[in-house]
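Sequence lines, in order, name chains A and B.
Every letter in the first sequence is one number past the one before it in our numbering, and letter 116, counting from 1, is 116.
Every letter in the second sequence is one number past the one before it in our numbering, and letter 186, counting from 1, is 470.
Idealized CB from N, CA, C, for every residue including glycine.
Number of protein chains: 2
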Amino acid sequence: MPVIERMVESVESVIGIADVKRSRVRAIGIGSPGPLDPVNGVIIDTPNLPGWTNVPLAKLIEEKTGIPTFVENDVNAGTYGEFALGAGRGKRDVIGIFVGTGIGGGLICDGKLRSGFRHNAGELGHVVLMVDGPYCGCGKKGCLEALASRTAIVRDIRAGIAAGRKSIVPELMKERGRITSSVLSKAVEAGDALAVEVMAQAQYYLGVYVGSAVNFYDPEAVVLGGGVIEAMGEAFLEPIRKVARQYFISQQDADKVEIVAAKLGDYAGVLGAAMLGQERARAA
Amino acid sequence: MPVIERMVESVESVIGIADVKRSRVRAIGIGSPGPLDPVNGVIIDTPNLPGWTNVPLAKLIEEKTGIPTFVENDVNAGTYGEFALGAGRGKRDVIGIFVGTGIGGGLICDGKLRSGFRHNAGELGHVVLMVDGPYCGCGKKGCLEALASRTAIVRDIRAGIAAGRKSIVPELMKERGRITSSVLSKAVEAGDALAVEVMAQAQYYLGVYVGSAVNFYDPEAVVLGGGVIEAMGEAFLEPIRKVARQYFISQQDADKVEIVAAKLGDYAGVLGAAMLGQERARAA
Chain A
1 MPVIERMVES
11 VESVIGIADV
21 KRSRVRAIGI
31 GSPGPLDPVN
41 GVIIDTPNLP
51 GWTNVPLAKL
61 IEEKTGIPTF
71 VENDVNAGTY
81 GEFALGAGRG
91 KRDVIGIFVG
101 TGIGGGLICD
111 GKLRSGFRHN
121 AGELGHVVLM
131 VDGPYCGCGK
141 KGCLEALASR
151 TAIVRDIRAG
161 IAAGRKSIVP
171 ELMKERGRIT
181 SSVLSKAVEA
191 GDALAVEVMA
201 QAQYYLGVYV
211 GSAVNFYDPE
221 AVVLGGGVIE
231 AMGEAFLEPI
241 RKVARQYFIS
251 QQDADKVEIV
261 AAKLGDYAGV
271 LGAAMLGQER
281 ARAA
Chain B
285 MPVIERMVES
295 VESVIGIADV
305 KRSRVRAIGI
315 GSPGPLDPVN
325 GVIIDTPNLP
335 GWTNVPLAKL
345 IEEKTGIPTF
355 VENDVNAGTY
365 GEFALGAGRG
375 KRDVIGIFVG
385 TGIGGGLICD
395 GKLRSGFRHN
405 AGELGHVVLM
415 VDGPYCGCGK
425 KGCLEALASR
435 TAIVRDIRAG
445 IAAGRKSIVP
455 ELMKERGRIT
465 SSVLSKAVEA
475 GDALAVEVMA
485 QAQYYLGVYV
495 GSAVNFYDPE
505 AVVLGGGVIE
515 AMGEAFLEPI
525 RKVARQYFIS
535 QQDADKVEIV
545 AAKLGDYAGV
555 LGAAMLGQER
565 ARAA
């Protein structure tokens, strides 16, 4: 499996670049798509990477590097990264929501990543917000992911175009051949009515969802990251914040609950996985 | 404030009945409607009990009894009771959902009651399940409470009757003058088509909600209690369980996640408050 060899090469190369003694490297942390078993470091399945079924990834990397290795769900790792080093730094209770092709998330509970009974906590994209709403990629209906992910946004923009709405999106997407987060961002910036409308709807859904999640979990901060949020920038967050706060059941100290953009971009997962690896090595 | 005096009398009377030495009573635990401040034992407000605003309840009871006193949200206390002594016994991670006039809940996280950043975790009735759905008592739209509480069920049955649907509910409610949980239970048992239909809808919403909550929080058990659940009995739970499991994003070990009826009835809150009081006295 050449991927494993490339991972080992990366590890060796990073140790070289960092110029640290090998004996000082306490752990390797890996953020991977799931489902996976973080206790035993086994990738159970990865729908988008064929052939990765029941792969004991931690053990394989550990054997080849001699360094204790730990595996965690990629979005959990991202949430932990933002908690430990990014937008959630210094908070004890954080919800991380990552909006891209799908929507994933993670929960920090009292300073620790919440894994859950089946190591499956934080599947925030598959919380139903519109019962009997549009079908989700997971086969159920009305999940947040079916309403506010890039997949959902693209579906609605395509439907608008198919229905004869004028839009600059077809022109903007010519270069890459698909509607990327960057295309969406450019269309909104240019004031494209269809794009603005569809994005405003997604922002509204995200706002109601964040409000609901706060009523359920009562965190100190909600960190929003992922491709869509990154491409749209800070201005995208304000309507989400406003709607979310309207949906808080308790208005007491409502303004103390931070609703903020992620800070670490693509590094959130890598840094979070490294931090988690270090912690787990210490606890082992 | 005569209520406080009656509470103190109850405490003295219970100590007498239990026939224990006063010095062996470690703590008094109180479950109260909120919002409240469990850290300082202050009732901030109780919408249904006028005059209870910023009442330092713990301090007042402690002064009169000489016993350390602790105050917790009533539904949190109920959840803790079911976790410590009832249907959630032996589990580390539990969601408690109580369906009555409203819908309240509580979260057990790794063997502890989750209080939350603003001591407001577990407002499970005010998670939105039908975005832009019917108005909730809280002023927002589409909350679970607006779809599956007794208030919502009664609203829909009344609407059906007003629209000319035949039903035995008007006859059954004559005695008490209102649609109680027991009236609903009798109507469903008698096969009243309108009541069966409205209850099935509420069960479906509860099922989708429980599935979503499991995807978010990944607990070991979901305990369902409160007036409606108690009156309807075990048969009411099966459709909820079935829909919930369909909505689990991970089917791995899905059958290990228990979805069960509460066991302690009205005692859940009292017992939970007592257990929490004891624990907090020990930690103080």
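Item, Value
"Exposed or buried, K450(B), counting other C-beta atoms within 10 Å across all chains shown (16 or more means buried)?", "exposed"
"Relative to the alpha-carbon of G335(B), which residue among A311(B), V287(B), A302(B) and R462(B) has its alpha-carbon at the smallest distance?", "V287(B)"
"Out of curiosity, what's the CA-to-CA distance linking G111(A) and K21(A)?", "30 Å"
"Of the residues that make up the region 100 to 130 of chain A, which ones have a beta carbon closer than 9 Å to any beta carbon in chain B?", "G105, L107, C109, D110, K112, R114, S115, G116, F117, R118, H119, N120, A121, G122, E123, L124, G125, H126, V127, V128, L129 and M130"
"Output yes or no for whether 8 Å exceeds the beta carbon distance between R402(B) and Q252(A).", "yes"
"Tell me which same chain residues have a C-beta within less than 8 Å of the C-beta of G389(B), skipping the five on either side of it?", "V359, T363, I379, G380, I381, F382, G406, E407, L408 and G409"
"Roughly how far, in whole angstroms, is the beta-carbon of G86(A) from the beta-carbon of A262(A), given that I think they are within contact range, below 8 Å?", "6 Å"
"Here's the rule: buried if 16 or more other CB atoms are within 10 angstroms of the residue's CB, otherwise exposed. What is G233(A)?", "exposed"
"Can you tell me the Cβ-Cβ gap for F236(A) and V411(B), rounded? I've got them flagged as a contact below 8 Å.", "Not quite, the Cβ-Cβ distance comes to about 23 Å (not below 8 Å), so this is no contact."
"Listed in chain order, which residues of the region 472 to 503 of chain B have Cβ atoms closer than 9 Å to some Cβ of chain A?", "Y488, Y489, V492, Y493, G495, S496, A497, V498, N499, F500, Y501, D502 and P503"
"Check each candidate in V183(A), P170(A) and V243(A) and name the one with the smallest Cα separation from Q203(A).", "V243(A)"
"Give me the Cβ distance between Q278(A) and R92(A), rounded to the nearest whole Å; I'm assuming they're in contact under 8 Å.", "Contact flag wrong, Cβ pair sits at about 19 Å."
"I need the boundaries of the alpha helix (DSSP H) containing N76(A), first residue and last residue.", "D74 to L85"
"Relative to the C-alpha of G227(A), which candidate in T180(A), G269(A) and Q201(A) has its C-alpha closest?", "T180(A)"
"For S534(B), return the contacting residues in chain A, with the cut-off set at a CB-CB distance below 8 Å.", "P35, R118, N120 and E123"
"Residues in the same chain with beta-carbon distance under 7 Å from S212(A), minus the five sequence neighbours each way, listed in chain order, please.", "Y247"
"Going along the chain, which residues of its own chain have a beta-carbon closer than 7 Å to the beta-carbon of T385(B), five neighbours each way excluded?", "S433, R434 and T435"
"Please compile the residues from chain B whose C-beta is within a distance smaller than 7 Å of the C-beta of D19(A).", "Per Cβ cutoff of 7 Å: no residues; D19(A) is ~40 Å from chain B at best."
"For the beta strand (DSSP E) holding V223(A), just list the boundary residues, first then last.", "A221 to G225"
"Could you check what DSSP says for M414(B) in three-state terms: helix, strand or coil?", "strand"
"Here's the rule I'm using: 16 or more other beta-carbon atoms within 10 Å means buried, otherwise exposed. How should K424(B) be labelled?", "buried"
"Output needed in chain order: residues of the region 242 to 267 of chain A with a Cβ under 8 Å from some Cβ in chain B.", "Q246, Y247, I249, S250, Q252, D253, K256 and V257"
"Identify which residue in L431(B), G313(B) and I299(B) has its Cα closest to the Cα of K343(B).", "G313(B)"
"Please classify Y419(B): is it buried, with 16 or more other beta-carbons within 10 angstroms of its beta-carbon, or exposed?", "exposed"
"Candidates A268(A), V39(A) and N54(A): which alpha carbon is nearest T46(A)'s?", "N54(A)"
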